[in-house]
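The numbers in the sequence shown follow the numbering used here, run straight up by one, and end at 234.
Built from N, CA and C at the ideal position, the CB exists for glycine as well.
One structure below.
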Amino acid sequence: MLTIGPGLAFTPTTRHDTYSAIDLDKADLSGKVVLVTEASKGVGKALAVAVAQAGALGLVLFARSDFYSTNGACFSTTQAGQSLNVLTLAVDITNNQEVIAAAKRAGWLDVVINNAALFEAAYQVTRAVIPLLTKSKGDKTILNSTSLAAAIVAPAMSSYCISKLAVLRFTEFINAEYGYKGVVAYSEQPGSIPIDMTSLALDEIKHMIVDTMEIPETVATVASGRNWKAGT
């Protein structure tokens, strides 16, 4: 039996494609270095491309698989006069030592987008990059990807649903424990997009998986400034 929580009705207007309020022409990540995890394909690739299109100075990409497609897509969307630097690091983000080593190589970060599906991966990445963010003179922003799974109860999905719900509270703890150092954390739902992982979803929720790959532009727009407010 599928149970849907009240969280899905929190936003009065539901969007399934890009719209004017998240137009990347209005976003400005110039001068900022942004980390995106699991960035070699799917939503992670879309997030990386959106960040590049928003004018980022630097992209740090973590993933286990090949970055070739993501790299090409990022550089093809850069703005006129934009000098984009991309650091690709082969990282198993479930391996704490690899995450720590990769964070040290990154050196400087303004924004971290925890796109990884697993809660423990988001936790390990956040713990490794917090020292970099607190030293940054930029926005010191963390965006943790959650899912509509945080708002449902479905058979055989307990571990995934609970982990996504945990991301919401984890994000609150980041603000509570590091807000005094200027760190600001958001939880975001990058979209319910038809990709390899969502193809394995229960039949009862497949009708919800209809968002376009442009919806993750929301994340880049939020990352571009703390004064941004969502449109209706």
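Non-local beta-carbon contacts of A123 in its own chain, meaning distances under 6 Å to residues more than five positions away in sequence, involve I95, T96 in chain order. Take the alpha-carbon of K166 and the one of A178: they are about 19 Å apart. Under the DSSP definition of a beta bridge, N146 partners with N116, S189.
Just measuring C-alpha positions, the residue of L111, A56, A65, L135 sitting nearest G181 is L135. Taking the Cα positions, E174 is about 13 Å away from T128. Bounds of any beta strand (DSSP E) do not take in F69, whose DSSP letter is neither H nor E. Residue pairing of T90 in beta bridges, as defined by DSSP: L63. Shown here, I176 sits in a helix according to DSSP, grouped into three states. Straight-line measurement puts the Cα of P157 at about 44 Å from the Cα of K137. No Cβ-Cβ contact shorter than 7 Å links P218 with V113.
Comparing C-alpha distances from V35 to each of P192, Y125, W110 shows the shortest one belongs to W110. For a cut-off of 8 Å, the C-beta gap from F64 to V93 is around 4 Å, short enough to register as a contact. In the three-state reduction of the DSSP assignment, I164 falls in the helix class.
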